[in-house]
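Residue numbers (our numbering): 339 to 718.
See the structure below:
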């Protein structure tokens, strides 16, 4: 995953030693971390560069951080990060780059002004070694945040109420090393569910992390998508009827994104694409990001019946047979949605700028090829 390698380069520039054990295991030794000037180009490549703020201020007391990058899906404010770190006693200023300074973080009762995922992660990493007790209210609770908390506890942290929107953290003097295995990525799991649905195929996904998929299963069920769970495995049956489930009285259903555990914004593009193959009409609403819906013009060029009401809403009428098209991947999630659309189209599609997809998916073309897709990575 390209974003992971970009973060690795940033960490190594701060003195972290990273050794690759195998394709999916790294040894990270951070004994000699030091403040350093970070590469602005690297920081602009990924949104996650902002996540260096919390741990580096806690560890070194100072950090100069160029602005982060990431997907172009509308304004993505970072004020929540600054407010959280300042609440712990640090100073945070901005003049073409962020400058954080602290003489020692002190635990605090922090109310996040929005349930930001990366803002919550930064606050957690800053609080875990802050002196005293901290409370993080209105915290995001996505699976990867829960996993971060479990990881920090494994290293000696004291984080309670994991999975809730109010976290209690008792600061410890320092963390120790440990070995930890990362769980499944629910976004990748659902992407492959979408691949099966769009191609009318059957797929079994093992170790899928089904405990995190309840709301997604409920929302996808309204699009006519079903799957079975066997322990921690998912079985998606072939040739699903795909019929939109109307609201009471026959009203057009509305699918909106909300903070976890509700339906996540990062799956909106895939849900829209699937609905183009479902019988019926559905309204999608993403109030979080004003550019999330703009990829739908590419689905329309393939034959999908989609009306973009405004930057936050679109109406989809299905089903329609999609036609092949040459397209540009605008961001990670929309790029993957276009791959799914291309899999269901009659003929050969070309998707350019696939580096966007590589930022969030590992060897997705090889995985789809192994499932029987006719997909090829080419150089132009």
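Yeah, the Cβ is synthetic: ideal placement off N, Cα and C, and Gly gets one too.
For clarity, every value in this text was computed on a predicted model and none was experimentally measured.
Check your understanding: Of the residues 465, 462, 350 and 361, which one's Cα is nearest the Cα of residue 370?
Key -> From the listed residues 465, 462, 350 and 361, the smallest Cα separation to residue 370 is found for 350.
Exercise for review: Could you give the DSSP three-state label for residue 341: helix, strand or coil?
Suggested key: helix
Review point. What's the gap between the Cα of residue 490 and the Cα of residue 442?
Key: 19 angstroms
**Study point:** Span separating the alpha-carbon of residue 607 from that of residue 672
**Key:** 5 angstroms
Point to revise | 6 angstroms CB neighbourhood of residue 580 in its chain, flanking five on each side removed | key: 562, 615 and 616
Practice item. Rank 545, 629, 460 and 401 by C-alpha distance to the C-alpha of residue 439 and give the top, closest one. Key: Comparing Cα positions, the closest option is 401.
Review point. Where does residue 356 fall in DSSP's three states?
Key: strand
Check your understanding: Any idea what DSSP makes of residue 643, helix, strand or coil?
Key -> Three-state DSSP puts residue 643 in a strand.
Exercise for review: Count the other CB atoms, across all protein chains shown, that sit within 10 Å of the CB of residue 704; report buried if there are 16 or more and exposed otherwise.
Suggested key: exposed
Check your understanding: Identify the residues that DSSP records as bridge partners of residue 513: which are they?
Key -> Per DSSP, none; premise fails for residue 513.
Check your understanding: Closer than 8 angstroms, CB to CB, is residue 699 near chain B or not?
Key -> As a matter of chain content, chain B is missing from the structure shown, which is built from one protein chain.
Check your understanding: DSSP state of residue 554, grouped into three classes?
Key -> Assigned with DSSP and collapsed to three states, residue 554 falls in helix.
**Study point:** Own chain, CB closer than 8 angstroms to residue 582, minus 5 neighbours either side, in chain order
**Key:** 560, 561, 562, 591, 613, 616, 617, 618, 619, 620 and 656
Review point. Tell me which same chain residues have a C-beta within less than 8 angstroms of the C-beta of residue 531, skipping the five on either side of it?
Key: The answer, listed in chain order, is 541, 543, 558, 563, 565, 572 and 574.
Check your understanding: Alpha carbon to alpha carbon, how far is residue 480 from residue 455?
Key -> 7 angstroms
Review point. DSSP three-state call for residue 688: helix, strand or coil?
Key: strand
Exercise for review: Report the option in 362, 363, 361 and 346 whose CA atom is closest to the CA atom of residue 355.
Suggested key: 346
Practice item. Using three-state DSSP, classify residue 432 as helix, strand or coil. Key: strand
Exercise for review: Say whether the region 518-534 touches the region 498-505, bearing in mind that this needs 3 or more beta-carbon pairs closer than 8 angstroms, one atom from each stretch.
Suggested key: By the criterion of at least three beta-carbon pairs nearer than 8 angstroms, the region 518-534 is not in contact with the region 498-505.
Review point. In the structure shown, what three-state DSSP assignment does residue 482 receive?
Key: DSSP, read as helix, strand or coil, puts residue 482 in helix.
**Study point:** beta strand (DSSP E) segment containing residue 401, residue limits
**Key:** 400-403
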